[in-house]
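Number of protein chains: 2
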Amino acid sequence: MDKLLQSVKIGINEKIYIKDPESTTLGRRIVEESILMINAMGFESFNFKKLGAKIKSNESSVYRYFENKHKLLLYLTSWYWGWVEYKLVFATHNIQDPEEKLKKALALVTSATKYDSDFSHINEVLLSKIVINEYSKSYLTKEVDTENKEGYFVIYKRLVTRLSEMIKNVDGNYTYPNSLASTVLEGSLHQHFLKDHFESLTDCHENGDPTDYFTQLVFNSLNKNPNG
Amino acid sequence: MDKLLQSVKIGINEKIYIKDPESTTLGRRIVEESILMINAMGFESFNFKKLGAKIKSNESSVYRYFENKHKLLLYLTSWYWGWVEYKLVFATHNIQDPEEKLKKALALVTSATKYDSDFSHINEVLLSKIVINEYSKSYLTKEVDTENKEGYFVIYKRLVTRLSEMIKNVDGNYTYPNSLASTVLEGSLHQHFLKDHFESLTDCHENGDPTDYFTQLVFNSLNKNPNG
DNA sequence: CAAATATAATAGTAATACTATCATATATTA
DNA sequence: TAATATATGATAGTATTACTATTATATTTG
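Same order as they appear, the protein sequences are chains A and B. Residues 5 to 232 (my numbering) make up the first sequence, in order. Residues 5 to 232 (my numbering) make up the second sequence, in order.
As structure tokens, this is what we get:
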């Protein structure tokens, strides 16, 4: 990644925000601090009044960027998935062998985010924790279908599709490429969550980790090309 | 199931409620109507004032049974998982062959709830929809660890463990029995959700279904006993 | 029938999730 | 550089939520 990310802007559906937070200092401060705050106090306790106070700005100013905290969550998680997608495409585009490509993709998508790239106002380590703890809440709502039609989840959907395509490239006859791809992405978040809060429900600690687990899971499901 | 369920009471952690809703008519009405309401309007819009009005009782009366709507959700989802556990144990206890047993368990746990048993005030079909749409919200909170210590999730954890044991009985050398069990349970809810809202992210519709998908996924991961 | 208990009705509070208005600071452009 | 546009800040206000507290009225039980 490194320097490259400096000039890359994750393209997020314009309907998610009122004013592009990337366009101003205040906007970037909103995004930056909201990540710290949501991470520290959880999405439920977080609100725009607290955020305004924290950034020494005002509640009403925050509302000029995002309609409400749900939209802000959509923004943050879209950014995260866009960032993962970028890393995925970048890291796999020059790999020819479909199995190697898929293996690399799975590693990227299932491993814990450990380092903050430090090139933007966004702390990727904390953001990935937010995604683990809060992403489901962004779509488990009564408004999913309308918001989906508005395109609020395109980036995530594209990521699932990319993974699904890689799966198909290893085994074109497999019946459940989309289900497997969505299981890996969602299941990975879940295993990371269990590791932190329900240890007994996962084996991803000392003697195992999500990457190894999901890599096995996927490859055992696929009939690999006998020539490959 | 049928008549048997009439006399079976799902044992739920007493700390989840203030007064056992099973002990009174009002309590059962609270549970019964809350399922209909949460299903119809979603957990976010649901509240005790609306529930009180709907059952022609009072907000304050509802608060004598449950501290807040989060506890009510814990109650409902615990009941659901207790019910699934009961069905699981009942349906598999006389199966000797580990593979057959696991197969049966997977079918039970991944298939959509289609029929309301009609023996209690609880509509299992709607409750299963609530679990699909809202279960994650019951544990994706800042209070998980304390609530987990209080035993609010024991039933679910026991269910995962049971499934994990069945997996181990098919392949004792498999490294990830707990992860696989938790993936199946959580992943199954997710696939059902995707089927309803993000069709393109799943293959569980015309030519596939969660049971078939997860059965394949699990058995492809396990080295079956060559003698079995 | 009295006493205990459950439920209902009403009121009240602090916090949330906003909207509206106006003042002020900063940037743009004529 | 003055005029103007735009962004931000400060303050106030509203409806709703998530409760708590109190008192009144049923209903059950001893």
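Every residue gets a Cβ at the ideal spot worked out from N, C-alpha and C, and that includes glycine. Here the structure is a predicted model, which means the values were calculated and not measured.
Of the candidates B/Thr28, B/Phe197, B/Met170 and B/Val158, B/Phe197 places its Cα closest to the Cα of B/Ser115.
Nearest in C-alpha terms to A/Asn72, of all of A/Trp85, A/Val93 and A/Lys19, is A/Lys19. In the structure shown, the three-state DSSP call for B/Gln220 is helix.
A/Met41 sits buried, since 16 or more C-beta atoms from the chains shown fall within 10 Å of its C-beta. In this structure A/Glu128 is in contact with A/Trp87, their Cβ atoms being roughly 7 Å apart against a cut-off of 8 Å. Distance between A/Glu48 and B/Thr179, taken at the CA atoms: about 36 Å. Within the segment 40-117 of chain B, the complete alpha helix (DSSP H) runs of at least 4 residues fall at 52-58, 63-67, 73-96 and 102-114.
Within 8 Å of the CB of A/Lys161, the CB atoms of chain B belong to Phe202, Ser204 and Leu205, in sequence order along the chain. Within the same chain, Glu89 come within 8 Å of B/Arg162 by CB-CB distance, once the 5 residues on both sides are set aside. Contact check for A/Ile99 against A/Lys91 fails: the beta carbons are separated by 9 Å or more.
The Cβ neighbour count for B/Ser64, taken over all protein chains shown within 10 Å, is under 16; the residue is labelled exposed. Under the 9 Å criterion on CB atoms, B/Val148 is classed as interfacial with respect to chain A. Per DSSP, reduced to three states, the secondary structure at A/Leu226 is coil, with no helix or strand assignment.
Note on A/His209: under 16 other CB atoms within 10 angstroms of its CB, so exposed under the neighbour-count rule.
Contact of B/Met45 with chain A by beta-carbon distance below 9 Å involves Lys146. Using a Cβ distance threshold of 9 Å, A/Leu106 and A/Met45 do not count as a contacting pair. For A/Tyr119, the number of other beta carbons within 10 angstroms of its own is below 16, and it is reported as exposed.
Taking 9 Å as the cut-off, the beta carbon of A/Leu221 is found closer than this to the beta carbon of B/Thr187. Spanning the alpha carbons of A/Glu37 and B/Pro181 requires a straight line of approximately 39 Å.
In this structure B/Thr81 is buried. Its beta-carbon is surrounded by 16 or more other beta-carbon atoms within 10 angstroms. In this structure, the CA atom of A/Trp85 is about 18 Å from the CA atom of B/His194.
In this structure, A/Val93 keeps its C-beta atom at 9 Å or more from the C-beta atom of A/Leu167.
In the DSSP annotation of this structure, the continuous segment of the alpha helix (DSSP H) that includes B/Leu131 starts and ends at Glu128 to Tyr143.
With a beta-carbon spacing of about 4 Å, A/Asp175 and A/Leu226 fall inside the 8 Å limit used to define contacts.
For A/Val35 against A/Pro25, the beta-carbon gap comes to about 5 Å, under 8 Å, which counts as contact. Rounded to whole angstroms, A/Tyr217 and B/Asn177 show a C-alpha spacing of 14 Å. Under the 9 Å criterion on CB atoms, B/Glu71 is classed as non-interfacial with respect to chain A. The residue from B/Lys23, B/Leu30, B/Lys228 and B/Phe223 with its alpha-carbon nearest to that of B/His125 is B/Leu30.
For the segment 171-197 of chain A, the residues whose beta carbon sits under 8 Å from a beta carbon of chain B are, in order, Thr179, Tyr180, Pro181, Asn182, Ser183, Leu184, Ala185, Ser186, Thr187, Glu190, Gly191, His194, Gln195 and Phe197.
Here DSSP, grouped into helix, strand and coil, assigns B/Tyr21 to coil.
Straight-line measurement puts the Cα of A/Asp122 at about 24 Å from the Cα of A/His97. A/Ile39 counts as buried, since no fewer than 16 other beta carbons sit within 10 angstroms of its beta carbon.
B/Ile14: not part of any alpha helix (DSSP H); DSSP gives it neither H nor E. Here the alpha carbons of A/Ile14 and B/Tyr156 stand approximately 40 Å from one another.
Taking a beta-carbon distance threshold of 9 Å, A/Gln220 counts as an interface residue toward chain B.
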